[in-house]
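Take a look at the structure set out below.
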Amino acid sequence: MAANLGAPVDVTTVLGNLLDNAIEAAREQAAAGGTDVAPAPECGTDEPPVVEVELVQEGETLHLTVADSGAGVAVDLVDSVFSEGVSTRSGSGVPGGRGVGLALSRQVARARGGEVWLAHPGGGAVSSVEPDGSGPVAATGRAAEKPLRGAEFIARLPGALTEGEPAWAEQK
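This is the structure in structure tokens:
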């Protein structure tokens, strides 16, 4: 089934926040290695920093997977990274501080009956179950190839896609 985006604001909020975090993590890891294009020595690879995104349709549900080659999420933040005000980076230079994006993304997903979760805090293998232990999730298929070093987040957004013309497209 070809689908249209039925909830563009929700998808943009969730995907945008996950992408912003992944890009920043990959950029910071590169900076730790001394350049914007070369990975830090601890990455153990000759490749530049990477952000991978996968969007998978399952009926009217959109699955998003975002992974990066950054340093990952610190062990002490794994349980709290979705709490408002918690960030892996300093808030200096950011109006209003940091620690809003993941909390907002999770709220948006849950309002749709979905979820956002940290599949891997600092590895590249893909989670094969949802947070409640049920059903398949969008998998990158990348784990068997060459895992990324950084964090991997998965989001499930039920009702984000629609078969017909979305209601927002009819507004003028």
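Position in the sequence shown (first residue = 1) + 1473 = our numbering. Where a beta carbon is used, it is the ideal one built from N, C-alpha and C, also for glycine. All values reported here derive from a predicted model rather than from experimental measurement.
Between A1540 and the set I1496, G1637, L1577, the nearest pair of CA atoms involves I1496. Residue pairing by DSSP places E1531 opposite T1534 in a beta bridge. Here the segment 1520–1539 makes no contact with the segment 1549–1557; the two share fewer than three CB pairs at distances below 8 Å. The shortest CA-to-CA distance from G1489 to any of E1533, L1537, G1587 is the one to L1537. When the beta-carbon positions are compared, G1586 and G1572 stay at least 7 Å from each other. Distance check between V1484 and each of E1533, A1475, G1545, E1501 places E1533 closest, using alpha-carbon atoms only. Straight through space, the alpha carbons of A1475 and F1555 are spaced by roughly 32 Å.
According to the DSSP assignment, V1589 belongs to the beta strand (DSSP E) that extends over 1588–1593. Ranked by Cα distance from T1635, the first of L1577, P1521, L1535 is L1535. Taken through DSSP and simplified to helix, strand or coil, E1501 comes out as helix.
Residue range 1625–1630 is occupied by the beta strand (DSSP E) that includes L1630.
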